[in-house]
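Protein chains: 2
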Amino acid sequence: MRNTFHEDLDKISDQLVEMTRLAGSAMSRATTALLDADLHLAETVIAADEQIDALRKDLDERAIDLLARQQPVATDLRMVVTAMRMSADLERMGDLARHVAKVARLRYPNSAIPPVMRSTVLEMGQVAARIVAKTGSVIAGKDIESALALERDDDEMDRLHRDIFNMLMDDKWTAGTEAAVDATLVSRYYERFADHAVSVARRVVFLVTGEWKPDYALDNEES
Amino acid sequence: MRNTFHEDLDKISDQLVEMTRLAGSAMSRATTALLDADLHLAETVIAADEQIDALRKDLDERAIDLLARQQPVATDLRMVVTAMRMSADLERMGDLARHVAKVARLRYPNSAIPPVMRSTVLEMGQVAARIVAKTGSVIAGKDIESALALERDDDEMDRLHRDIFNMLMDDKWTAGTEAAVDATLVSRYYERFADHAVSVARRVVFLVTGEWKPDYALDNEES
Numbered sequence: 010m011r012n013t014f015h016e017d018l019d020k021i022s023d024q025l026v027e028m029t030r031l032a033g034s035a036m037s038r039a040t041t042a043l044l045d046a047d048l049h050l051a052e053t054v055i056a057a058d059e060q061i062d063a064l065r066k067d068l069d070e071r072a073i074d075l076l077a078r079q080q081p082v083a084t085d086l087r088m089v090v091t092a093m094r095m096s097a098d099l100e101r102m103g104d105l106a107r108h109v110a111k112v113a114r115l116r117y118p119n120s121a122i123p124p125v126m127r128s129t130v131l132e133m134g135q136v137a138a139r140i141v142a143k144t145g146s147v148i149a150g151k152d153i154e155s156a157l158a159l160e161r162d163d164d165e166m167d168r169l170h171r172d173i174f175n176m177l178m179d180d181k182w183t184a185g186t187e188a189a190v191d192a193t194l195v196s197r198y199y200e201r202f203a204d205h206a207v208s209v210a211r212r213v214v215f216l217v218t219g220e221w222k223p224d225y226a227l228d229n230e231e232s
Numbered sequence: 010m011r012n013t014f015h016e017d018l019d020k021i022s023d024q025l026v027e028m029t030r031l032a033g034s035a036m037s038r039a040t041t042a043l044l045d046a047d048l049h050l051a052e053t054v055i056a057a058d059e060q061i062d063a064l065r066k067d068l069d070e071r072a073i074d075l076l077a078r079q080q081p082v083a084t085d086l087r088m089v090v091t092a093m094r095m096s097a098d099l100e101r102m103g104d105l106a107r108h109v110a111k112v113a114r115l116r117y118p119n120s121a122i123p124p125v126m127r128s129t130v131l132e133m134g135q136v137a138a139r140i141v142a143k144t145g146s147v148i149a150g151k152d153i154e155s156a157l158a159l160e161r162d163d164d165e166m167d168r169l170h171r172d173i174f175n176m177l178m179d180d181k182w183t184a185g186t187e188a189a190v191d192a193t194l195v196s197r198y199y200e201r202f203a204d205h206a207v208s209v210a211r212r213v214v215f216l217v218t219g220e221w222k223p224d225y226a227l228d229n230e231e232s
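Chains A and B, in that order, are what the protein sequence lines are.
Going by our numbering, the first residue of the first sequence is number 10, and it counts up by one from there.
Going by our numbering, the first residue of the second sequence is number 10, and it counts up by one from there.
Shown next as structure tokens:
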């Protein structure tokens, strides 16, 4: 029989899944706004970030309330603490989507991304969408297989990130310094988005397997 | 009379102060390594990041243990949760110092920073060192005045960050795309370092004043 604690935790888990949906939608729309120089779409992404922030606030208050009322210990306590860390990662992913949208807005009516780089950025957007969708499945289904598949998507993102830098360093780069600065930042935003998604998925794996790793061991950033 | 809970919390507070010291030292040394193209110094910064990670791990375990043993509620509970968020910010600041050091290492034996930009980057390093030292004082002394002064340093960092971008966008920029990419990333690392320092200081203020803000309200990033 489920007790109140686990019902509350299920609600928190549902909110985490909803945050993955919102972050994924934001990054997909930000990518389109960036490639199409769509000001209106960029504005909607920037405005919608408030929803993710509000969800995080609600989730964190719920978690603190749960700690105070139920006084969980051992694994239960770690689950609640871990959920709060996941919400921090997911909120940050929303911020990164907003950053991409802001670059789109800054360069409107032009696209910040030169033609030679469009297909790579499009792929980064697709990988970002895939990775956060899988993160949602991992949370919803406690699905460790998906969590492993997601690491491969992250490798793909790292490869695309390197492709961008190689293009920038190539003698054939003629799009100028402004475009190079934009591409550097945008590429980093996608890469960090994927890093946070991987962190969230790893946290789920550690909860499911009962393996408790220090937080910094989840940081897969190497840039 | 101090009870066990507050003694444990004092210990956690001491560790947070120590993390500010390590993060500040790392960023100061990374700045010197960057400007002097000092490979050895860069390597020491990269290696020393482990210490900050280990401190965070220890602090977080201590906090979770405190929650489990003492079952704090209300303000006491929020203090412990807030301390864990501060440790996350401070660990991230260590990562950012390491990133700066890695740029220095990547371009060795050259300096990644062209002469025209040296004084601005030097100032960014100085502001970063000041801001994190003040953050330490804020934590140690629960000093709200220092916290306010620190916001002005952050404004200064934002101004320097804009200066870098203005130099990059200037027609007179002749240092090439590689240097532009490096400067874009380095400038962003300093700016994020300051952002995290401000977040930590704001958390202290909210604890002291008893004003509890949602976590996202602490994020002063606007880029």
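Using N, Cα and C, we set each Cβ at its ideal position, and we do this for glycine too.
Since the structure is predicted, the reported quantities are computational estimates derived from the model, not experimental observations.
Within-8 angstroms CB hit, residue i to chain A
{"i": "glutamine 135(B)", "result": "no"}
{"i": "arginine 87(B)", "result": "yes"}
{"i": "tyrosine 225(B)", "result": "Low confidence applies here, because tyrosine 225(B) scores a pLDDT of 48, under 50, leaving its location unreliable; read the following figure in that light. So, interface residue."}
{"i": "serine 232(B)", "result": "Note on serine 232(B): pLDDT 38, under 50, position unreliable in the model; the coordinate value appears next. So yes, serine 232(B) belongs to the interface."}
Whole-Å CB distance - residue i paired with residue j, under 8 angstroms assumed
{"i": "methionine 72(B)", "j": "valine 54(B)", "result": "For the sequence presented, residue 72(B) should be read as alanine rather than methionine. Actually they are not in contact, since the Cβ atoms of alanine 72(B) and valine 54(B) sit about 27 angstroms apart, beyond 8 angstroms."}
{"i": "leucine 50(B)", "j": "alanine 42(B)", "result": "4 angstroms"}
{"i": "aspartate 98(B)", "j": "serine 208(B)", "result": "5 angstroms"}
{"i": "leucine 44(B)", "j": "serine 120(B)", "result": "6 angstroms"}
{"i": "threonine 84(A)", "j": "arginine 212(A)", "result": "So it is not a contact: roughly 13 angstroms between Cβ atoms."}
{"i": "lysine 151(A)", "j": "valine 217(A)", "result": "5 angstroms"}
{"i": "aspartate 162(B)", "j": "arginine 139(B)", "result": "6 angstroms"}
{"i": "tryptophan 182(A)", "j": "threonine 186(B)", "result": "6 angstroms"}
{"i": "isoleucine 122(B)", "j": "valine 214(B)", "result": "Rounded, the Cβ-Cβ distance is 34 angstroms, inconsistent with contact."}
{"i": "leucine 105(A)", "j": "arginine 201(A)", "result": "6 angstroms"}
Minimum Cβ-Cβ distance from residue i to chain B less than 8 angstroms
{"i": "glutamine 24(A)", "result": "no"}
{"i": "methionine 102(A)", "result": "no"}
Three-state class that DSSP yields for residue i in the structure shown
{"i": "glycine 103(A)", "result": "helix"}
{"i": "glutamate 151(A)", "result": "The sequence shown places lysine at residue 151(A), not glutamate. In the structure shown, lysine 151(A) sits in coil (DSSP, three-state: anything other than H, G, I, E or B)."}
{"i": "serine 120(A)", "result": "coil"}
{"i": "asparagine 12(B)", "result": "coil"}
{"i": "glutamine 135(B)", "result": "helix"}
{"i": "valine 82(B)", "result": "coil"}
{"i": "aspartate 180(B)", "result": "coil"}
{"i": "alanine 97(A)", "result": "helix"}
{"i": "aspartate 58(B)", "result": "helix"}
{"i": "aspartate 23(B)", "result": "helix"}
{"i": "alanine 51(A)", "result": "helix"}
{"i": "glycine 33(B)", "result": "helix"}
{"i": "serine 232(B)", "result": "Low confidence applies to serine 232(B): its pLDDT is 38, below 50, so where it sits in the model is not reliable, and the reading given next is rough at best. Note: serine 232(B) maps to coil in three-state DSSP."}
{"i": "glycine 219(A)", "result": "coil"}
{"i": "serine 208(A)", "result": "helix"}
{"i": "alanine 46(B)", "result": "coil"}
{"i": "tyrosine 225(B)", "result": "Confidence at tyrosine 225(B) is low in this model, with a pLDDT of 48, below 50, so its placement is unreliable and the value that follows should be read with caution. Helix."}
Beta-carbon gap between residue i and residue j smaller than 8 angstroms
{"i": "valine 125(B)", "j": "alanine 77(A)", "result": "no"}
{"i": "alanine 192(B)", "j": "valine 136(B)", "result": "no"}
{"i": "serine 96(A)", "j": "leucine 18(A)", "result": "no"}
{"i": "valine 195(A)", "j": "valine 141(A)", "result": "no"}
{"i": "alanine 210(B)", "j": "leucine 169(B)", "result": "no"}
{"i": "aspartate 62(B)", "j": "glutamate 100(B)", "result": "yes"}
{"i": "methionine 36(B)", "j": "glycine 134(B)", "result": "yes"}
{"i": "threonine 40(B)", "j": "leucine 131(B)", "result": "yes"}
{"i": "leucine 115(A)", "j": "valine 190(B)", "result": "no"}
{"i": "aspartate 167(B)", "j": "threonine 129(B)", "result": "no"}
{"i": "arginine 94(A)", "j": "aspartate 58(A)", "result": "no"}
{"i": "glycine 118(A)", "j": "alanine 56(A)", "result": "Just to set this straight, residue 118(A) is proline in the shown sequence, not glycine. Cβ atoms of proline 118(A) and alanine 56(A): not closer than 8 angstroms."}
Contact set between residue i and chain C, taken where Cβ atoms lie within less than 7 angstroms
{"i": "valine 90(B)", "result": "Looking for chain C here will not work: the only protein chains present are A and B."}
Exercise. Using a Cβ-Cβ cut-off of less than 8 angstroms, give me the residues of the region 183-196 of chain B that come near chain A, in sequence order.
Key: Cβ contacts with chain A: Thr186, Glu187, Ala189, Val190, Thr193, Leu194.
Quiz item: Mind listing which residues of the region 159-184 of chain B have their C-beta closer than 8 angstroms to chain A's C-betas, in chain order?
Solution: When CB distances to chain A are screened at a threshold of 8 angstroms, the residues of the region 159-184 of chain B falling below it are Phe174, Leu177, Met178, Trp182, in chain order.
Exercise. Below 9 angstroms between beta carbons is the criterion; list the residues of the region 70-82 of chain A that meet it against any residue of chain B, in chain order.
Key: Listed in sequence order: Glu70, Ala72, Ile73, Leu76, Ala77, Arg78, Gln80, Pro81, Val82.
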